[in-house]
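What follows is a single structure, written as structure tokens, with notes after it.
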Amino acid sequence: MITTPGKPLHLSCIPRGDAYALKVNISKNEIGIIYRVTAVLYVHGWNIEEAIAETSTDGYIQDIFIVKRIDGSPMTDEHLSAIHADLKELFYGGMSVMNYLAQHPEKMETLRSKLETSPEIFLFNSEISDSTVMDLRMEDRPGILFEISQILFLFGVDILSFKAVTDSGQVRDTFLLRLENGSKLDENLHFFRLKEALNAVL
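Here is the structure:
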């Protein structure tokens, strides 16, 4: 585990099959945590297959990311230290995500050169749940979760959990979402605008 003295940011990683469970613990519960973490993991070459956000009663946050290295290499102490250093800058160093990405122009270019494919996006509210479900299906490529989490952050939408299923180069991402005030997304107010924004960047 890597910790930051005086800064409540803890990072740990354990193998999970051919992937890794990366745990990010932080004591400041605010919208955009997954947005920042996905930016760092994208820059460092890690695909995210699943993410689960957990909040304790005292507000302590633990996000668990199931990750695989794009080139298939294992997670090392050097990888973990580099990820921790970048997260510390984003959470406590005053660095914005866009300024962080500007330091990695090759990653920005990869996002710009993506294939022109239209995703299928489904949003719905269930009467038995206090969150909104979003299903997204499209061709798999690096950076998808970062781009989605960026749009959700800009809309003031919190990601409670996320899971990806990939088959033959196609990915199906399922998200549980909630507004910053704790309510579901409004079907008339948010659904169309959110789909429109996601279609513009994916």
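Per the UniProt record's numbering, residue 1 is the first one in the sequence shown, and the count goes up by one each step.
Backbone N, C-alpha and C fix where the C-beta goes; we use that ideal spot for every residue, glycine too.
Please read these numbers as outputs of a predicted model, since none were measured by experiment.
In this structure, DSSP gives residue 109 a helical state, which the three-state scheme calls helix. Between residue 50 and residue 31, the gap from beta carbon to beta carbon reaches 7 angstroms or more. For residue 38, the enclosing alpha helix (DSSP H) covers residues 33-43. Between residue 185 and the set 124, 171, 163, 154, the nearest pair of CA atoms involves 124.
Remark: C-beta atoms of residue 136 and residue 173 approach each other more closely than 7 angstroms. Non-local C-beta neighbours of residue 199 in its own chain, meaning closer than 8 angstroms and more than five positions away in sequence, comprise 118, 119, 121, ordered along the chain. If you compare the alpha carbons of 182, 155, 163, 37 with that of residue 192, the shortest gap goes to 155. The straight-line gap separating the alpha-carbon atoms of residue 140 and residue 47 is approximately 10 angstroms. In the displayed model, residue 10 falls within a strand according to three-state DSSP. Between the segment 67-82 and the segment 147-167 there are fewer than three C-beta pairs closer than 8 angstroms, too few to call the two in contact.
It is roughly 22 angstroms from the alpha-carbon of residue 91 to the alpha-carbon of residue 75. Every beta strand (DSSP E) of 3 residues or more that sits fully in the UniProt domain "ACT" (133-202) is shown, in chain order, as 157-167, 170-179. By the C-beta density criterion, residue 189 is exposed, having fewer than 16 other C-beta atoms within 10 angstroms.
Spanning the alpha carbons of residue 69 and residue 40 requires a straight line of approximately 13 angstroms. With respect to the 7 angstroms criterion, residue 24 and residue 104 are not classified as neighbours on the basis of their beta carbons.
Straight-line spacing of the CA atoms in residue 158 and residue 169 works out to 27 angstroms. The C-beta distance from residue 34 to residue 9 rounds to 15 angstroms, too long to fall under 8 angstroms, and the pair is not in contact. As computed with DSSP, residue 120 is found in a beta bridge with 137. Per DSSP, reduced to three states, the secondary structure at residue 127 is coil, with no helix or strand assignment.
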